[in-house]
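Colleague: Which chain is which? The protein sequence lines are A and B, in order. 61 is the number of the first residue of the first sequence in my numbering; add one for each residue after it. 61 is the number of the first residue of the second sequence in my numbering; add one for each residue after it. Yeah, the Cβ is synthetic: ideal placement off N, Cα and C, and Gly gets one too. This is the structure I want to talk about, given as structure tokens.
2 protein chains.
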Amino acid sequence: MSKSAGDPAATGGTGGEPKLSRASVQRFSLYLRLLERWSQEGLTVVSSSQLGEALAVNDAQVRKDLAYLGSLGQPGIGYYTRELITALRHRLGVDRTWSAIVVGAGNLSRALLRYRGFAEQGFQFTALFDADPQKIGQVVEGLPVQSPAKIPEILAATKAELAVLAVPAESAQHVADMLVAAGIRGILNFAPVMLKLPAHVSLIAVDLAVQLEQLAFLVHLSQQE
Amino acid sequence: MSKSAGDPAATGGTGGEPKLSRASVQRFSLYLRLLERWSQEGLTVVSSSQLGEALAVNDAQVRKDLAYLGSLGQPGIGYYTRELITALRHRLGVDRTWSAIVVGAGNLSRALLRYRGFAEQGFQFTALFDADPQKIGQVVEGLPVQSPAKIPEILAATKAELAVLAVPAESAQHVADMLVAAGIRGILNFAPVMLKLPAHVSLIAVDLAVQLEQLAFLVHLSQQE
DNA sequence: GGATGTGAACGACTTCACAGCG
DNA sequence: CGCTGTGAAGTCGTTCACATCC
Chain A
61 MSKSAGDPAA TGGTGGEPKL SRASVQRFSL YLRLLERWSQ EGLTVVSSSQ LGEALAVNDA
121 QVRKDLAYLG SLGQPGIGYY TRELITALRH RLGVDRTWSA IVVGAGNLSR ALLRYRGFAE
181 QGFQFTALFD ADPQKIGQVV EGLPVQSPAK IPEILAATKA ELAVLAVPAE SAQHVADMLV
241 AAGIRGILNF APVMLKLPAH VSLIAVDLAV QLEQLAFLVH LSQQE
Chain B
61 MSKSAGDPAA TGGTGGEPKL SRASVQRFSL YLRLLERWSQ EGLTVVSSSQ LGEALAVNDA
121 QVRKDLAYLG SLGQPGIGYY TRELITALRH RLGVDRTWSA IVVGAGNLSR ALLRYRGFAE
181 QGFQFTALFD ADPQKIGQVV EGLPVQSPAK IPEILAATKA ELAVLAVPAE SAQHVADMLV
241 AAGIRGILNF APVMLKLPAH VSLIAVDLAV QLEQLAFLVH LSQQE
């Protein structure tokens, strides 16, 4: 469940690009994480079938995906993990630091702020907002809770490009509009609503209730036989 | 990002089924939520294009999806919301109560336990586990934290079929194995690892770090032009 | 008229299969 | 040899277009 903001009038070029399948992007993060773990465990060379098996992906698919990074593979050998990691980081854009703000100071935000994996990947949470006057001024995981009214100001100051939206469904669109107006570039939305955003703002939506429902449905299906 | 446990040797029948696209299932939950909201607002009839517009889905796609529920549509009119809702609930398996347990008593679990949308959809969280001795005995959102050693016992008693896994990556596979041994039917995994599960246990994986990375990548891409 | 249901065209993604290289 | 890179084939999902029905 995730949808990027539009991509109209693309395919402008006369074609000939190596083709970046929209779906392979979904797997890049998984390759990267796995490679980082394996690399730390001392693995220096890896084959497409090893990667494929670990991630439940066809090995040809893995090669197609990785080919998009350039011809890094060594026939008869495999891929050098270090090289792959560097190339993946670059392609994914995580070879730099991303600054992100969090709106909504509930348990979900707390969980996100606490998770150390983000910092390792170059993500920094630089500000936390909540509309609840009771919460403003409190410090959560090292960040003071601030009024959403300050979003424009803070966003201008921190140059944060990403925002995590973990507010009630009712206020999600309103807050999103504020973020857009303040110049945000991408929103990770946890509120159970379909946000309407201009095309230049990217969107990933994660709806936890939907996920649980999907799981129930899978079980439901498997029980019907 | 989600993958059901295998589905080998399927396609046994001689074909002829109305065809349930794996992807349309992803949308069923969204239709359902939207319809429930609109229905409460007094809407009694809805057209495929209305639904499509609200969810950014082609109207023909919506009709194809809904056709799988039977021929509920009224040519020239649309669909009766009540009928659609009932049919969707039945098809999704949420026209009954699902009992679920939660393993890992961190902030993410807290957020899930607190979210009221689950109860409305018939999901009940009946037990909470954590390996941290410090936490055992505490009461979180109304549920006492129990030792994972009690999983088999409690699972047998509560007949819970679903489990939410919100534990550190290191222990995720171990806990998953325990859950499987105890007879769980489906797992919603938040730990950043690829779980290996037997085919009869369904799996939905939500990796928050991957989602943020995907968002960064989308922004990264949009900035390259 | 207005909306459904659906075959057919289209496009995207995946898998196969194999040439080619170290 | 083993493993990559990739055209070709196959599968799946989406969109189009239109007959059909209220």
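#1: Residue 92 of chain A to residue 133 of chain B, Cα distance in whole Å?
#2: For the putative contact between residue 266 of chain B and residue 271 of chain A, defined by C-beta atoms under 8 Å, what is the C-beta separation to the nearest angstrom?
#3: So residue 301 of chain A and residue 86 of chain B are in contact, right, with Cβ under 8 Å, and what is the actual spacing, rounded?
#4: Would you say residue 224 of chain A and residue 163 of chain A are within 8 Å of each other, going by their C-beta atoms?
#5: Under a Cβ-count criterion, where at least 16 other Cβ atoms within 10 Å of its own Cβ denotes burial, should residue 141 of chain A be classed as buried or exposed?
#6: Buried or exposed: residue 100 of chain B, going by 16 or more other Cβ atoms within 10 Å of its Cβ?
#7: Bridge partners for residue 167 of chain B per DSSP, in chain order?
#8: Would you say residue 266 of chain A lies against chain B (beta-carbon separation less than 8 Å)?
#9: Give every residue of the same chain whose Cβ lies closer than 7 Å to the Cβ of residue 114 of chain A, excluding the five residues on either side of it in the sequence, and list them in chain order.
#10: In whole angstroms, what separates the C-alpha of residue 229 of chain B from that of residue 192 of chain A?
#11: With residue 201 of chain B and residue 173 of chain B assumed to form a contact (beta carbons below 8 Å), what rounded beta-carbon distance in angstroms separates them?
#12: Residues of chain B with CB under 7 Å from residue 221 of chain A, in chain order?
#13: Under the DSSP definition of a beta bridge, which residues are partnered with residue 118 of chain A?
#14: Counting contacts by CB-CB distance shorter than 8 Å, is residue 116 of chain B in contact with chain A?
#15: For the segment 167–188 of chain B, enumerate the residues whose C-beta is nearer than 8 Å to any C-beta of chain A, in chain order.
#16: Less than 8 Å between the beta carbons of residue 171 of chain B and residue 165 of chain A, yes or no?
#17: So, under 8 Å CB-CB, residue 208 of chain B and residue 238 of chain B are touching, yes? Tell me the CB distance rounded to an integer number of Å.
#18: Against chain B, with Cβ distances strictly below 8 Å, would residue 111 of chain A count as a contact?
#19: Since residue 128 of chain A contacts residue 84 of chain A with CB under 8 Å, what's their CB separation in whole angstroms?
#20: Of the choices A/257, A/81, A/250, whose alpha-carbon is the least far from that of residue 241 of chain A?
#21: Pick from B/221, B/268, B/232: whose alpha carbon is nearest that of residue 246 of chain B?
#22: I'd like to know whether the C-beta of residue 230 of chain B is nearer than 8 Å to at least one C-beta of chain A.
#23: Suppose the cutoff is 8 Å on Cβ atoms and the five residues either side in sequence are ignored; what does the same chain contact list for residue 233 of chain A look like?
#24: Contact criterion: CB-CB distance below 8 Å. Does residue 233 of chain A meet it with respect to chain B?
#25: DSSP three-state call for residue 147 of chain A: helix, strand or coil?
#26: Any heavy atom of the ligand SAM inside 7 Å of the beta-carbon of residue 195 of chain B?
#27: Residue 250 of chain A lies in the beta strand (DSSP E); which residues open and close that run?
#28: Can you check which of these residues, B/278, B/157, B/90, B/150, is closest to residue 116 of chain B by C-alpha distance?
#29: Quick check: is the beta carbon of residue 241 of chain B nearer than 8 Å to any beta carbon in chain A?
#30: Along chain A, in chain order, which residues have C-beta atoms closer than 8 Å to that of residue 152 of chain B?
#31: What residue does the alpha helix (DSSP H) around residue 211 of chain B start on, and which one ends it?
#32: Under the three-state reduction of DSSP, which class applies to residue 111 of chain B: helix, strand or coil?
#33: Would you say residue 64 of chain A reaches chain B, if we count a Cβ-Cβ gap shorter than 8 Å as a contact?
#34: Let me check one thing: in DSSP terms, what residues is residue 204 of chain B bridge-paired to?
#35: Do you know how far the Cα of residue 146 of chain A is from the Cα of residue 183 of chain B?
#36: How many Å lie between residue 262 of chain B and residue 82 of chain B at the Cα?
Modeller: Reading it off the structure:
#1: Linking residue 92 of chain A to residue 133 of chain B through their CA atoms gives a straight-line distance of about 46 Å.
#2: About 6 Å; that satisfies the 8 Å criterion.
#3: Any answer about residue 301 of chain A is impossible in this case: the structure gives chain A only from 61 up to 285.
#4: In this structure, residue 163 of chain A lies closer than 8 Å to residue 224 of chain A by Cβ.
#5: The Cβ neighbour count for residue 141 of chain A, taken over all protein chains shown within 10 Å, is at least 16; the residue is labelled buried.
#6: Residue 100 of chain B comes out exposed.
#7: Within the DSSP secondary-structure output, residue 167 of chain B pairs in no beta bridge.
#8: At a cut-off of 8 Å between beta-carbon atoms, residue 266 of chain A makes contact with chain B.
#9: Around residue 114 of chain A, the same chain offers 94 as residues with beta carbons nearer than 7 Å, after the five sequence neighbours per side are excluded.
#10: Going from the Cα of residue 229 of chain B to the Cα of residue 192 of chain A covers about 33 Å.
#11: Contact holds; Cβ gap of about 4 Å.
#12: Neighbours of residue 221 of chain A on chain B, chain order: 279.
#13: Residue pairing of residue 118 of chain A in beta bridges, as defined by DSSP: absent, with no partner found.
#14: Output row for residue 116 of chain B: interface = yes.
#15: Result list: 167, 168, 170, 171, 172, 174, 175, 177, 178, 181, 183.
#16: With contacts defined as CB atoms closer than 8 Å, residue 171 of chain B and residue 165 of chain A fail to qualify as a contacting pair.
#17: That belief holds up - the Cβ atoms of residue 208 of chain B and residue 238 of chain B are roughly 6 Å apart, short of 8 Å.
#18: For residue 111 of chain A, not one C-beta of chain B is nearer than 8 Å to its own C-beta.
#19: Indeed they touch by this definition, with Cβ atoms about 7 Å apart.
#20: The shortest C-alpha separation from residue 241 of chain A is found at A/257.
#21: Residue B/221 is the option with its Cα nearest to residue 246 of chain B.
#22: No, residue 230 of chain B does not count as interfacial toward chain A.
#23: These residues qualify, in order along the chain: 253, 255, 256.
#24: By this cut-off, residue 233 of chain A is not an interface position.
#25: In the three-state reduction of the DSSP assignment, residue 147 of chain A falls in the helix class.
#26: No copy of the ligand SAM appears in this structure; indeed no ligand is present at all.
#27: Looking at the DSSP string, residue 250 of chain A is not in any beta strand (DSSP E), and its letter there is neither H nor E.
#28: Nearest option by C-alpha distance: B/90.
#29: Closer than 8 Å: no.
#30: What residue 152 of chain B touches in chain A: 273, 276, 277, 280.
#31: Looking at the DSSP string, the run of the alpha helix (DSSP H) that includes residue 211 of chain B is 211–218.
#32: Assignment of residue 111 of chain B by DSSP, reduced to helix, strand and coil, places it in the helix class.
#33: Interpretation of residue 64 of chain A is limited by its pLDDT of 36, a score under 50 that renders its predicted location unreliable; the figure taken from the coordinates is listed afterwards. Taking Cβ atoms only, chain B reaches closer than 8 Å to residue 64 of chain A, which makes this a yes.
#34: Looking at the DSSP assignment, residue 204 of chain B forms a beta bridge with B/199.
#35: For residue 183 of chain B and residue 146 of chain A, the distance between alpha carbons rounds to 43 Å.
#36: The alpha-carbon of residue 262 of chain B is positioned some 14 Å away from that of residue 82 of chain B.
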